[in-house]
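Shown next, in structure tokens, is the structure this report addresses.
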Amino acid sequence: LREDPSSLFVMLRSALPDAPLSRRGEADDYLDAHLGGWRRRLYERLRSKTSRSLANRERLRFCRTRAFGMVKRMLRALGRDLVARGLLEQFEDVFYLRLDELRGCYDGGGTDTQASLKDLVAARKAQRVRDSQLVAPSRFVTSGPTFSPAELAEQGWVPFTATEAAQAGTVLAGTPSASGVVTGRAVVVDEPRDVAGGILVAYRTDPGWVAALPSASALVIERGSPLTHVAIIARELGVPTVVQVKDVTKLVRTGMEIQIDGTLGTVTVLAGAEHDTEAEQGAKTAHE
Numbered sequence: 019l020r021e022d023p024s025s026l027f028v029m030l031r032s033a034l035p036d037a038p039l040s041r042r043g044e045a046d047d048y049l050d051a052h053l054g055g056w057r058r059r060l061y062e063r064l065r066s067k068t069s070r071s072l073a074n075r076e077r078l079r080f081c082r083t084r085a086f087g088m089v090k091r092m093l094r095a096l097g098r099d100l101v102a103r104g105l106l107e108q109f110e111d112v113f114y115l116r117l118d119e120l121r122g123c124y125d126g127g128g129t130d131t132q133a134s135l136k137d138l139v140a141a142r143k144a145q146r147v148r149d150s151q152l153v154a155p156s157r158f159v160t161s162g163p164t165f166s167p168a169e170l171a172e173q174g175w176v177p178f179t180a181t182e183a184a185q186a187g188t189v190l191a192g193t194p195s196a197s198g199v200v201t202g203r204a205v206v207v208d209e210p211r212d213v214a215g216g217i218l219v220a221y222r223t224d225p226g227w228v229a230a231l232p233s234a235s236a237l238v239i240e241r242g243s244p245l246t247h248v249a250i251i252a253r254e255l256g257v258p259t260v261v262q263v264k265d266v267t268k269l270v271r272t273g274m275e276i277q278i279d280g281t282l283g284t285v286t287v288l289a290g291a292e293h294d295t296e297a298e299q300g301a302k303t304a305h306e
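Numbering (this note's numbering), first residue to last: 19 to 306.
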């Protein structure tokens, strides 16, 4: 956001007209009617401790994000200096270097010639392209030197293969994260952006995706959990969310009409993308 605050303005513009009402009052009324005595006192103590713990968790993540941002700005500055010295083609190439290699550009202890650095970056870009053709398992363990192709296969890394889109009537199951039912057009993205009222479908998210939430009528995330940063913010904003939906980014295409049930944790395909390719014209929502 520090480098490009435009997404923040989009978030504020989307959120201001009709900010969601807090449901805490409804929950307290329910507790007043159904929970009393020592059970209520125990509940209030647990709720207070949980609230403080969640707040501390988010503060830690916020401070960590700021630290990452500071390091990223430092590396970008070094990248621009290396471009000015003719050692790199563009400043973003600095992220293809290891820290010891970058340090060697300034202390004389590493690779610092124009040809060698540019060749090294080109080789790692080519390797990244090859790596992008592999699909990682949901969990793997690594230590020591990098994996050989055989070791990658042994750990469950497999070549990417095209998957046919889900047919109408297909129901995908996930983990409910924010309640509500929404019917609308899917918008499958790999980076945070304004989806103009569509249902945002992504493989994973991080705190940087928060700015895209107000533009989405619902969220469907292939990875993550109900305690991820984006899922917590989605509940605060009242955006129905389902997480841990296996292969959803392969089975759902931009433009498909889908229904999200954030209470049951289901994603139902209602119509294929060919029925409406204008995926970002909005969504028909019906929150429950």
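For every residue, glycine included, the Cβ atom is placed at its ideal position computed from N, Cα and C.
Check: Nearest-angstrom Cβ-Cβ length linking P194 and G283, presumed shorter than 8 Å; Outcome: 4 Å
Check: Bridge-paired residues (DSSP) for E107; Outcome: Answer by DSSP bridge pairing: none, since E107 is not bridged.
Check: Three-way DSSP call (helix, strand, coil) for L245 in this model; Outcome: coil
Check: 7 Å Cβ cutoff, A154 in contact with chain C; Outcome: Any reference to chain C falls outside this structure, which holds one protein chain only.
Check: Option nearest V324 by Cα separation, candidates Q145, G87, V257 and A180; Outcome: Past the edges of the chain, shown from 19 to 306, lies residue 324, and the structure says nothing about it.
Check: Span of the alpha helix (DSSP H) around G202; Outcome: G202 -> not in any alpha helix (DSSP H); beta strand (DSSP E) instead, spanning V199 to V206.
Check: First through last residue of the beta strand (DSSP E) which encompasses L237; Outcome: A236 to I239
Check: A204 beta carbon less than 7 Å from that of V219; Outcome: yes
Check: Three-state secondary structure assigned by DSSP to S134; Outcome: helix
Check: Start-to-end residues for the beta strand (DSSP E) that takes in E275; Outcome: E275 to D279
Check: Nearest to Q277 (by Cα), restricted to the options V238, V207, E44 and V159; Outcome: V238
Check: Residue ranges of each alpha helix (DSSP H) within the stretch 35 to 89, 4 or longer; Outcome: 42 to 52
Check: Nearest-angstrom beta carbon gap, R75 and P225 [assumed within contact, 8 Å]; Outcome: Incorrect: roughly 12 Å between the Cβ atoms, too far for contact.
Check: CB of W227 within 7 Å of CB of P244, strictly; Outcome: no
Check: Unbroken alpha helix (DSSP H) run spanning V261, endpoints; Outcome: Segment T259 to V261 is the beta strand (DSSP E) holding V261; no alpha helix (DSSP H) there.
Check: The ligand GDP heavy atom lying under 6 Å from the CB of E172; Outcome: The ligand GDP is not part of this structure, which contains no ligands at all.
Check: Beta-carbon proximity of A196 to G280, cut-off 7 Å; Outcome: yes
Check: CA-to-CA distance, R146 to R94, given in whole angstroms; Outcome: 20 Å
Check: Simplified DSSP assignment, three categories, for T267; Outcome: helix
Check: Where D118 falls, given that 16 or more other Cβ within 10 Å makes a residue buried; Outcome: exposed
Check: Rounded straight-line distance, which links the Cα of D111 to that of D137; Outcome: 11 Å
Check: Under 7 Å between C-beta atoms of G198 and I217; Outcome: no
Check: Exposed unless 16 or more other CB atoms sit within 10 angstroms - verdict on G162; Outcome: exposed
Check: Proximity of T267 and E240 at Cβ, strictly below 7 Å; Outcome: yes
Check: Contact belief for V206 with L231 at Cβ below 8 Å, rounded distance in angstroms; Outcome: No, V206 and L231 are not in contact; Cβ-Cβ is about 16 Å, not under 8 Å.
Check: C-beta atoms of Y114 and R142 nearer than 7 Å; Outcome: yes
Check: A184 - DSSP class collapsed to helix/strand/coil; Outcome: coil
Check: Beta-carbon proximity of V261 to G242, cut-off 7 Å; Outcome: yes
Check: Paired residues, beta bridge with L190 - DSSP; Outcome: V285
Check: Nearest residue (CA-CA) to L152, options Q173, G215 and Y61; Outcome: Q173
Check: Coil, strand or helix - G97 by DSSP; Outcome: helix
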